[in-house]
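Novice: For the sequence shown, position 9 matches number 9 in this note's numbering, and the numbering has no gaps at all.
We put the beta carbon where it would ideally sit given N, CA and C, even for glycine.
This is the structure I want to talk about, given as structure tokens.
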Amino acid sequence: MPSKKNQPKMRRRRNREDSDELNDEDHLEIVEEPAILDVDSLSVIERLPKELALRIIDYAESTAQFRLSSRSLRALVDEHIRAVTNPIICAFEFSKSFSVHAASFTGDVTVCKAYSDLFELRLKLRQPHFNLRQRIKRCESSAAKEQNLKKTPTRIRVPFRVRFFLR
């Protein structure tokens, strides 16, 4: 339920034509007033300029956590995820298999480690009808694990299957 602060104000107005009669001719009119944001209630990231906040979202380890913190950050993250900016995929490989009745393709995606969380979130939000949460697997090289490098490629295995039925 919205608070009293956010509810539109009701004002009583008279019809100008019947200014003499005040009984049944009065009516209520809803007047929308702009919502005033309290700057003190905003988080530090929400106070930043939009471009800077988006750069922080790019490099955050857990981008999904930003979406849970507030409505404005959720809208900002969703807008950024749906945008077609900064390509984050290094390589994309297909493997195929054929049988007598069907053909299927499986994809392997290589993404920089710094963007792996952002890529997974983009994939989950853009393809909500796939149950990708359990199906995404990460495969890091041993050098990347030891040195914890941000720019080393992380292979994310997305075992999606596209089946074509042959007639």
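Can you tell me whether DSSP reads Ser97 as helix, strand or coil?
Specialist: Note: Ser97 maps to strand in three-state DSSP.
Novice: With the cut-off set at 8 Å, would you say Leu121 and Thr63 are in Cβ contact?
Specialist: yes
Novice: Do you know offhand how far Val109's Cα is from Leu42's?
Specialist: In this model, Val109 and Leu42 are separated by some 37 Å (Cα to Cα).
Novice: Among residues of its own chain, excluding the 5 on either side of Val77, which ones have a beta-carbon nearer than 7 Å to its beta-carbon?
Specialist: Ile57, Thr63, Phe66, Arg67
Novice: Mapping DSSP to helix, strand and coil, what is Ala91?
Specialist: strand
Novice: Do you know whose CA, among Lys113, Glu93, Ile81, Ala60, lies nearest Leu125's CA?
Specialist: Ile81
Novice: Buried or exposed: where does Leu52 fall if 16 or more other Cβ atoms within 10 Å of its Cβ makes it buried?
Specialist: exposed
Novice: Whole angstroms is fine: what's the gap from Arg55's alpha carbon to Lys96's?
Specialist: 37 Å
Novice: Considering only DSSP beta bridges, list what Val44 is partnered with.
Specialist: Partner(s): none; Val44 has no beta bridge.
Novice: Which class does Ser69 belong to by DSSP, given the choice of helix, strand or coil?
Specialist: Ser69 sits in a helix when the DSSP states are folded into three classes.
Novice: With DSSP collapsed to three states, give me the class of Ala53.
Specialist: It is helical.
Novice: Tell me which same chain residues have a C-beta within less than 7 Å of the C-beta of Ile45, skipping the five on either side of it?
Specialist: Ala53, Ile56, Leu73
Novice: So is Ser69 buried or exposed if we call it buried at 16+ other beta carbons inside 10 Å?
Specialist: exposed
Novice: Can you tell me the Cα-Cα spacing of Arg71 and Glu93, whole angstroms?
Specialist: 37 Å
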